[in-house]
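Okay, structure first, notes after.
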Amino acid sequence: MVKKFFYLKILLPVALTVILGGYYYSFNFTPDLNSQTKQVIIENTEQDYSSHSTEHINSKKKQDSLKAQEQRFLAKLNEEHPKKDILNETDTQVLLTKSFKRMHAMGNFFNAKSLQREEIQALLEKPANLEKAQNILLDINTTLSDFGEDQALARVYAIKMLEEQARLGDIKPLYDVSTQLAEQLNHQIESGIELEKGREYDLESLLNIAVKQVNIEELSDPNNVAALLNQSGFRDDMSKQIISYYDNAVFFPLLKKYGREKAKIIVAQVIDVGQNATNTVN
Numbered sequence: 092m093v094k095k096f097f098y099l100k101i102l103l104p105v106a107l108t109v110i111l112g113g114y115y116y117s118f119n120f121t122p123d124l125n126s127q128t129k130q131v132i133i134e135n136t137e138q139d140y141s142s143h144s145t146e147h148i149n150s151k152k153k154q155d156s157l158k159a160q161e162q163r164f165l166a167k168l169n170e171e172h173p174k175k176d177i178l179n180e181t182d183t184q185v186l187l188t189k190s191f192k193r194m195h196a197m198g199n200f201f202n203a204k205s206l207q208r209e210e211i212q213a214l215l216e217k218p219a220n221l222e223k224a225q226n227i228l229l230d231i232n233t234t235l236s237d238f239g240e241d242q243a244l245a246r247v248y249a250i251k252m253l254e255e256q257a258r259l260g261d262i263k264p265l266y267d268v269s270t271q272l273a274e275q276l277n278h279q280i281e282s283g284i285e286l287e288k289g290r291e292y293d294l295e296s297l298l299n300i301a302v303k304q305v306n307i308e309e310l311s312d313p314n315n316v317a318a319l320l321n322q323s324g325f326r327d328d329m330s331k332q333i334i335s336y337y338d339n340a341v342f343f344p345l346l347k348k349y350g351r352e353k354a355k356i357i358v359a360q361v362i363d364v365g366q367n368a369t370n371t372v373n
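Our numbering applies: residue 92 is where the sequence shown begins, and numbers increase by one.
Below you can see the structure in the form of structure tokens.
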């Protein structure tokens with residue numbers, strides 16, 4: 092026991108000396124390696140900072156450029172379609188005509204959708220404008236008289252107004268118009284009266300918008316499909332042509348989500364697909 096303690100007492104200091112000596116040698120006699128390593132770290136840090144700084148500058152330049160483009164565009168737009176003329180207009184029909192032309196002039200501008208939404212929301216602040224939008228789609232003779240060659244443009248933006256109203260949480264006007272329009276068109280078809288050009292597309296657009304307001308997963312339940320179609324004006328004794336518009340409005344979104352077979356099964360529980368459907372997707 093005494094001998095072991097003696098060896099431990101001698102060997103332990105020696106071991107510590109060797110370890111500490113190696114560390115001292117490594118630390119003091121490889122200065123170039125440590126210096127190089129530090130330099131690499133410094134350079135990498137500077138490069139990372141420079142890269143992030145450049146990205147930030149480029150991003151800001153792009154934002155500034157887009158903002159400048161928008162300001163120039165709006166300045167030109169206000170020259171051709173002054174917003175103040177719209178805001179000061181008291182006649183609803185004239186106001187909507189000017190506003191629709193202003194929005195149409197936005198064309199393919201990169202920020203057109205956002206700008207148009209702002210314009211539509213401003214229009215929706217007055218109930219009379221929404222009421223007029225509904226009448227544009229339902230009273231085709233008055234629309235042709237009021238808007239003349241711009242009647243198609245008026246119908247397009249009237250639909251956009253109903254869509255935005257639905258997006259804001261009030262879908263009833265959309266349902267009311269789709270229901271009444273479907274009845275009008277169905278009556279014309281059954282009476283052998285030719286449909287006014289484009290009105291069937293108005294109905295299709297309204298139905299597609301109605302479907303988009305619903306979570307597609309909810310439509311995996313045929314009961315929810317039936318409820319949506321009924322609110323939109325569907326009746327199973329309508330003409331095949333009108334029923335096909337309802338069929339397609341729900342079938343194609345379900346097709347995209349679940350595939351053809353499941354989509355057919357869901358829709359078939361609500362609509363007599365075999366007799367009425369016109370979709371031919373394989």
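Every residue gets a Cβ at the ideal spot worked out from N, C-alpha and C, and that includes glycine.
Here the C-alpha atom of Asp-261 lies approximately 34 Å from the C-alpha atom of Gln-160. In its chain, beyond the 5 residues on either side, Gly-324 have a beta carbon closer than 6 Å to the beta carbon of Thr-270.
For Ile-280, the CB contacts under 8 Å within the same chain, skipping 5 residues up- and downstream, are Leu-286, Ser-330, Gln-332 and Ile-333 in chain order.
The region 212-230 makes contact with the region 241-260, as at least three CB pairs between them are under 8 Å.
Arg-258 is a Cβ neighbour of Gln-304, given a cutoff of 9 Å.
Ile-362 is positioned such that its CB atom lies no closer than 9 Å to that of Leu-310. Closest in alpha carbon position to Asn-299, among Glu-209, Lys-151 and Tyr-266, is Tyr-266. Judged by DSSP secondary structure, Pro-313 falls within the alpha helix (DSSP H) whose first and last residues are 313-322. Taking the Cβ atoms as the reference, Ala-245 lies roughly 7 Å from Leu-187, within the contact range of under 8 Å.
Tyr-248 is a Cβ neighbour of Phe-191, given a cutoff of 9 Å.
When the Cα atoms are used, Lys-355 and Leu-345 turn out to be separated by approximately 9 Å. For the pair Met-194 and Glu-170, the CB atoms are not nearer than the 9 Å cut-off. Looking only at Gln-360, Arg-163 and Tyr-292, the smallest Cα-Cα distance to Ala-317 is reached by Gln-360.
Residue state for Asp-155 is assigned as helix, using DSSP reduced to three classes.
In the displayed model, Arg-326 falls within coil according to three-state DSSP, outside both helix and strand.
Counting other Cβ atoms within 10 Å of its Cβ, Ser-205 stays below 16 and is therefore classed as exposed. Taking a 10 Å sphere around the C-beta of Thr-234, we find 16 or more other C-beta atoms and assign the residue as buried.
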